[in-house]
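In my numbering, each number is its position in the sequence shown, counted from 1, plus 216. See below for the structure under consideration.
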Amino acid sequence: MRRIPLLLLICAVAAIGFAGCGGDDDGGSSSATTDTSTEAATGTSGATGTSGATGASGGAANTIKVEADASQLAFKQKSLTAKAGKNTIDFNNPSSIPHDVKIEENGKDIGGTKEVTNGEAKATVTLDKGEPYVFYCSVPGHRQAGMEGKLTVK
């Protein structure tokens, strides 16, 4: 008869243990980070700009949409187009690997977003028509792995 109380005790401990493995229903997300702050760039002056690589501006003029690939060290866009002037970089990183977007003109960093993981970031840069620009991820090793592309300003 000692087996039944022992069996009940084991079942009760197991039930308590399984209850502790349940999900979190507080409505929050511990892995998602959203950053909508704007970082000022030290670029040059110009006029209004718009987006580009995907051909969709997302409804907002002056926006350059960039997205990191969730499964590899790459941006979804290999090239982007913008108009001369002030532009907002709208960066989405669905990956658990941290990324950012920086803009470079003739080897000089002129601005970009902060580093984010599973989130978004925005920054403002001023671009001049005809200048050669490159966008890239400044996290060590990411640019070398191919996280860069050409930014054409019209």
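Using N, Cα and C, we set each Cβ at its ideal position, and we do this for glycine too.
| message | Can you give me the C-alpha to C-alpha distance between residue 348 and residue 306, rounded to a whole angstrom? | response | Sequence index remark: in the sequence shown, residue 348 carries index 132 (1-based). Sequence index remark: in the sequence shown, residue 306 carries index 90 (1-based). Their Cα atoms are separated by approximately 20 Å.
| query | Is residue 309 closer than 8 Å to residue 346 when the C-beta atoms are compared? | reply | As a working note, residue 346 is residue 130 in the sequence shown. As a working note, residue 309 is residue 93 in the sequence shown. Against a cut-off of 8 Å, the Cβ pair of residue 309 and residue 346 comes out as no contact.
| query | Could you give the distance in angstroms between the alpha-carbon of residue 337 and the alpha-carbon of residue 330? | reply | The residue you call residue 337 lines up with position 121 of the sequence shown. The residue you call residue 330 lines up with position 114 of the sequence shown. Linking residue 337 to residue 330 through their CA atoms gives a straight-line distance of about 7 Å.
| message | So for residue 350, helix, strand or coil by DSSP? | response | Start at 1 with the first residue of the sequence shown, and residue 350 comes out as number 134. Residue 350 falls in the strand class under three-state DSSP.
| Do the region 294-301 and the region 321-330 make contact, defined as three or more Cβ pairs closer than 8 Å? | no
| query | So residue 341 and residue 327 are in contact, right, with Cβ under 8 Å, and what is the actual spacing, rounded? | reply | Stepping through the sequence shown from its first residue, residue 341 is reached at position 125. Stepping through the sequence shown from its first residue, residue 327 is reached at position 111. That belief holds up - the Cβ atoms of residue 341 and residue 327 are roughly 4 Å apart, short of 8 Å.
| request: Put residue 334 into one of helix, strand or coil per three-state DSSP. | output: Counted from its first residue, the sequence shown places residue 334 at position 118. Here residue 334 sits in coil by DSSP.
| said: In the DSSP output, what is residue 308 paired with across the bridge? | reply: Residue mapping note: residue 308 aligns to position 92 of the sequence shown, counting from 1. Per DSSP, 283 and 336.
| 8 Å Cβ shell around residue 359 - same chain, five flanking residues per side excluded | Counting from one through the sequence shown, the residue named residue 359 turns up at place 143. Excluding positions up to five away in sequence, the list reads 352 and 353.
| message | I need the straight-line Cα distance from residue 287 to residue 312, nearest angstrom please. | response | Taking the sequence shown and counting its residues from 1, the one referred to as residue 287 is at position 71. Taking the sequence shown and counting its residues from 1, the one referred to as residue 312 is at position 96. Approximately 9 Å, taken between the alpha carbons.
| Endpoints, the beta strand (DSSP E) within which residue 366 is located | Taking the sequence shown and counting its residues from 1, the one referred to as residue 366 is at position 150. Looking at the DSSP string, the run of the beta strand (DSSP E) that includes residue 366 is 364-369.
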